[in-house]
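Taken in order, the sequence shown gives residues 7 to 488; the numbers are from full-length UniProt numbering.
Glycine residues also receive a C-beta, built at the ideal position from the N, C-alpha and C atoms.
Keep in mind it's a predicted model, so treat the numbers as computed, not measured.
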Amino acid sequence: MDAEQLREYGHKMVDFIADYYKNIENFPVLSQVQPGYLRELLPDSAPVHPESLQDVLDDVQSKILPGVTHWQSPDYFAYFPSNSSVAGFLGEMLSAGINMVGFSWITSPAATELEMIVLDWLAKALKLPDEFLSTGQGGGVIQGTASEAVLVVLLAARDQVLIRAGKDAIGKLVVYSSDQNHSSLQKACKIAGIHPENFRVLKTDSSTDYALSPESLSGAISQDISSGLIPFFLGATVGTTSSTAVDPLPELGKISNSNGLWFHIDAAYAGSACVCPEYRHCINGVEGANSFNMNAHKWFLTNFDCSALWVKDRSALIQSLSTNPEFLKNKASQDNKVVDYKDWQIPLGRRFRSLKLWMVLRLYGLENLQAYIRNHIELARKFEELVNLDPRFEVAAPRRFSLVCFRLLSAENNVERANQLNRELLEAVNSTGELFISHTVLSETYILRFAVGAPLTEERHVVEAWKTLQEKASFLLSKLIE
Ligand code: PLP
């Protein structure tokens with residue numbers, strides 16, 4: 007490592023990235039390449055002799071960027087956002103520069119301690135109950151993703167039950183969630199050895215705006231108990247992936263607590279909005295939860311990856327995930343005075359991710375982060391208004407945050423034809439490269455999703471996107487008439 011070379015190349019790279027952002031609107035948002043395109047453009051094997059940085063950057067420009075879908079484009083409205091920001095970027099850069107591996111406190115005390123402090127800050131900003139703070143029995147940890155977060159708490163919950171019920175009881179353990187829960191819980195169940203038949207996916211519909219009904223949960227639990235099974239885990243969501251439904255946390259918490267279930271709340275996307283006082287009510291009931299998760303890398307200006315998980319009882323995680331090999335033993339850990347985050351996660355190694363969240367919180371301040379969220383919600387409200395003004399379309403689910411679910415209506419009352427029409431509309435707009443939206447299916451109806459949340463998006467981008475959608479819709483509808 008030559009510091010002067012880093013300075014020279016680093017400046018070049020920052021310039022390259024700054025230019026990328028400056029020109030990002032010129033790229034097709036959704037990459038238009040065909041599968042396998044890159045193999046034809048790159049050599050078969052690694053170079054024997056070093057190449058220049060300029061050669062590599064030229065290849066990035068001409069060969070890599072065409073195969074990139076530009077998540078940071080202001081015209082990106084698909085899935086949920088995955089924010090980057092100058093603050094997040096600088097934190098990421100610093101983390102790469104220091105490049106330590108902070109699995110135990112001793113391997114970099116600042117990494118562990120900053121993570122504890124920053125997650126306490128964020129917990130306070132979200133007004134999480136004090137039990138989630140690191141000053142008590144609980145605390146926060148940064149996982150890579152919400153999928154890892156739900157896996158580690160599922161493992162902790164499973165092992166707590168198995169200590170009481172005996173290892174052979176694993177086949178009797180039952181997990182509950184709604185049919186709107188993210189698929190990461192299903193994957194976690196597979197990894198945790200939960201019998202596939204004991205993963206209860208409770209049906210939702212438009213009568214509850216796709217939120218889990220407490221009655222269906224308590225009914226399922228009673229039935230399972232009477233069949234000799236052991237209910238042990240509930241995954242609830244604040245801001246479901248399809249339509250941002252909010253499960254009724256207070257009621258679900260009561261049912262979980264009275265039946266001894268571990269209650270996990272996945273607020274991967276919508277958690278960010280809860281730093282605004284007017285949205286905090288969406289997580290009322292979090293007092294009853296054992297664990298709570300939000301992805302700072304989605305809608306909180308923190309570059310991927312940074313998924314914040316809080317638990318009330320850190321010993322449950324540690325009991326499940328701790329190992330203590332000789333080669334990692336050290337005085338601080340053995341004296342039990344420190345947190346060793348290796349025992350709160352799947353891998354051993356871990357990056358200094360708290361730096362970027364710390365930079366985001368400090369360089370923006372909560373005031374600006376709240377304004378940022380509010381602006382996106384306002385832009386989504388504007389888009390919803392535009393949809394409502396065009397009688398050919400309908401808003402297909404209530405808008406709660408910055409996602410609008412909508413669809414083009416077809417003249418005939420035929421669900422499959424209407425679905426096909428909307429599939430074609432999605433294809434048509436995304437192939438323009440001018441915007442990128444995604445879809446979902448709710449009650450067998452194909453629905454388009456317009457998720458505002460890219461940091462560079464302004465009102466003009468939303469208005470332009472709507473114009474493109476209208477134009478393509480007019481074209482498709484005129485073809486139906488011909
Ligand atoms: N939970 C919800 C509600 C989500 O919307 C998503 C992804 O969009 C996830 C979990 C999975 O997130 P991750 O990629 O961090 O595992």
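query: What residue does the beta strand (DSSP E) around N301 start on, and which one ends it?
result: Against the sequence shown, residue 301 aligns to sequence position 295. Counting along the chain, the beta strand (DSSP E) containing N301 begins and ends at 297-301.
query: In the segment 203-252, which residue ranges form an unbroken alpha helix (DSSP H) of at least 4 residues, counting only runs that do not cross its ends?
result: 220-232
message: Suppose only complete runs of 4+ residues qualify. What are the alpha helix (DSSP H) ranges in the segment 39-101, listed by chain order?
response: 59-65
- request: Using only the heavy atoms of ligand 1, determine whether one of them is closer than 8 Å to the beta carbon of T141.
  value: As a working note, residue 141 is residue 135 in the sequence shown. No.
query: Which whole-angstrom value describes the C-beta separation of K388 and E465, a residue pair presumed to lie in contact below a C-beta threshold of 8 Å?
result: What you label residue 388 is simply residue 382 of the sequence shown in a count that begins at 1. What you label residue 465 is simply residue 459 of the sequence shown in a count that begins at 1. Yes, K388 and E465 are in contact; Cβ-Cβ is about 6 Å, under 8 Å.
message: Using CA atoms only, rank isn't needed, just tell me which of A24, R429, P87, A314 is closest to L475.
response: As a working mapping, residue 475 is identified with position 469 in the sequence shown. Checked all of A24, R429, P87, A314; the closest Cα to L475 is R429.
field: Same chain only: Cβ atoms within 7 Å of A226, ignoring 5 sequence neighbours per side
entry: Here residue 226 refers to the residue found at position 220 when the sequence shown is read from its first residue. For A226, where only same-chain residues beyond five positions count, the Cβ hits under 7 Å are Y182, R206, L208.
message: Would you say the beta carbon of K28 is closer than 8 Å to some non-hydrogen atom of ligand 1?
response: Position 22 of the sequence shown, counting from 1, holds the residue named residue 28. K28: no, Cβ never under 8 Å from ligand 1.
- prompt: ligand 2 heavy atoms versus the CB of Y182: any closer than 8 Å?
  reply: As far as ligands go, the structure on display features ligand 1 and does not contain ligand 2.
Cα-Cα separation between S326 and E57, rounded to whole angstroms: Locating residue 326 in the sequence shown gives position 320, counting from the first residue. Locating residue 57 in the sequence shown gives position 51, counting from the first residue. Distance between the alpha carbons of S326 and E57: 47 Å.
- prompt: Is the Cβ-Cβ distance between I236 and V124 less than 9 Å?
  reply: Counted from its first residue, the sequence shown places residue 236 at position 230. Counted from its first residue, the sequence shown places residue 124 at position 118. Contact flag unset, no.
field: Proximity to L12 [Cα-Cα], best of P254, G103, P353, P135
entry: Here residue 12 corresponds to residue number 6 of the sequence shown, with the count starting at 1. L12 has its Cα closest to that of G103, out of P254, G103, P353, P135.
query: In three-state terms, what does DSSP make of G142?
result: The residue labelled residue 142 in the question sits at position 136 within the sequence shown. It is coil, neither helix nor strand.
- request: Express the C-alpha separation of A434 and F481 in angstroms, rounding to a whole number.
  value: Reading the sequence shown from its first residue, position 475 is the one you call residue 481. Reading the sequence shown from its first residue, position 428 is the one you call residue 434. Cα-Cα distance, rounded: 10 Å.
- prompt: Taking contact to mean at least 3 C-beta pairs separated by less than 8 Å, is the segment 441-453 in contact with the segment 419-426?
  reply: yes
- request: Would you check whether ligand 1 has a heavy atom nearer than 8 Å to the C-beta of D215?
  value: Translated into the one-based positions of the sequence shown, residue 215 becomes position 209. No, the beta carbon of D215 sits no closer than 8 Å to any heavy atom of ligand 1.
Neighbourhood of Y82 by C-beta, 7 Å cutoff - its chain only, sequence neighbours within 5 removed: The count along the sequence shown starts at 1 and reaches residue 82 at position 76. V35, H76, F442, A460.
- request: Report the rounded CA-to-CA distance for R455 versus G172, giving the unit in angstroms.
  value: Numbered from its first residue, the sequence shown carries residue 455 at position 449. Numbered from its first residue, the sequence shown carries residue 172 at position 166. Rounded to whole angstroms, R455 to G172 spans 45 Å at the Cα level.
field: Beta-carbon separation (whole angstroms), R357 vs S101, contact threshold 8 Å
entry: As a position in the sequence shown, residue 357 is number 351, starting the count at 1. As a position in the sequence shown, residue 101 is number 95, starting the count at 1. That belief holds up - the Cβ atoms of R357 and S101 are roughly 6 Å apart, short of 8 Å.
- prompt: Within this structure, are the beta carbons of V281 and L375 separated by less than 9 Å?
  reply: As a first step, residue 281 must be located in the sequence shown, where it is residue number 275. As a first step, residue 375 must be located in the sequence shown, where it is residue number 369. In this structure, L375 lies closer than 9 Å to V281 by Cβ.
query: Do the CB positions of A279 and L128 come within less than 9 Å of each other?
result: Translated into the one-based positions of the sequence shown, residue 279 becomes position 273. Translated into the one-based positions of the sequence shown, residue 128 becomes position 122. In this structure, L128 does not lie closer than 9 Å to A279 by Cβ.
message: By the DSSP assignment, the alpha helix (DSSP H) with F481 in it spans what residues?
response: On the sequence shown, residue 481 is found 475 positions in, with the first residue counted as 1. Note, F481: alpha helix (DSSP H), 465-487.
message: Between D253 and S184, how many whole angstroms is the CB-CB distance? I'm expecting something under 8 Å.
response: Within the sequence shown, the letter at position 247 stands for residue 253. Within the sequence shown, the letter at position 178 stands for residue 184. Their Cβ separation, rounded to whole angstroms, is 7 Å, which keeps D253 and S184 in contact under 8 Å.
- prompt: Near S444, which residues of its chain fall below 7 Å by C-beta distance, leaving aside the five closest residues on each side in sequence?
  reply: The residue you call residue 444 lines up with position 438 of the sequence shown. Same-chain partners within the cutoff: A84, Y85, R455.
- request: Would you check if the segment 392-411 and the segment 344-364 touch, i.e. whether three or more CB-CB distances between them fall below 8 Å?
  value: no
- request: State yes or no: is the C-beta of G245 nearer than 8 Å to some heavy atom of ligand 1?
  value: Walking along the sequence shown from the start, residue 245 turns up at place 239. Yes, since a heavy atom of ligand 1 falls inside the 8 Å radius drawn around the Cβ of G245.
- request: Determine the DSSP secondary structure at I417, reduced to helix, strand or coil.
  value: Working through the sequence shown from its first residue, we reach residue 417 at position 411. The question names Ile, yet the displayed sequence has Ala at residue 417. The answer is coil: DSSP assigns A417 none of H, G, I, E or B.
- prompt: To the nearest whole angstrom, what separates the beta carbons of L255 and A276, a pair I think is in contact under 8 Å?
  reply: Locating residue 255 in the sequence shown gives position 249, counting from the first residue. Locating residue 276 in the sequence shown gives position 270, counting from the first residue. About 12 Å; that fails the 8 Å criterion.
- prompt: So L161 and L218 are in contact, right, with Cβ under 8 Å, and what is the actual spacing, rounded?
  reply: In the sequence shown, residue 161 corresponds to position 155, counting from 1. In the sequence shown, residue 218 corresponds to position 212, counting from 1. With a Cβ gap of about 23 Å, L161 and L218 do not count as contacting.
- request: Return the chain-ordered ranges of every beta strand (DSSP E) run that is complete within the segment 298-332 and spans a minimum of 3 residues.
  value: 313-317
- request: Could you tell me whether the Cβ atoms of N309 and K362 are closer together than 9 Å?
  value: If you number the sequence shown from 1, residue 309 lands on position 303. If you number the sequence shown from 1, residue 362 lands on position 356. Contact flag set, yes.
- prompt: Bridge partners of H270, per DSSP?
  reply: Working through the sequence shown from its first residue, we reach residue 270 at position 264. Paired residues: G241, S297.
- prompt: According to the neighbour-count rule (16 or more other Cβ atoms, all chains shown, within 10 Å of its Cβ), is E10 buried or exposed?
  reply: By one-based count along the sequence shown, residue 10 stands at place 4. E10 is exposed by the Cβ-count criterion.
Sub-9 Å separation of Y26 and L71 beta-carbons: Locating residue 26 in the sequence shown gives position 20, where the first residue counts as 1. Locating residue 71 in the sequence shown gives position 65, where the first residue counts as 1. The answer is yes: Cβ separation under 9 Å.
- request: Ignore the nearest five residues each way along the sequence and tell me which others in P43's own chain have a CB closer than 7 Å to its CB.
  value: Numbered from 1 along the sequence shown, position 37 holds the residue referred to as residue 43. The question names Pro, yet the displayed sequence has Tyr at residue 43. The answer, listed in chain order, is G73.
- request: Determine the burial state of G145: buried for a count of at least 16 other Cβ atoms within 10 Å of its Cβ, exposed for fewer.
  value: For the purposes of this step, residue 145 is taken as residue 139 along the sequence shown, with counting starting at 1. Per the 10 Å Cβ criterion, buried.
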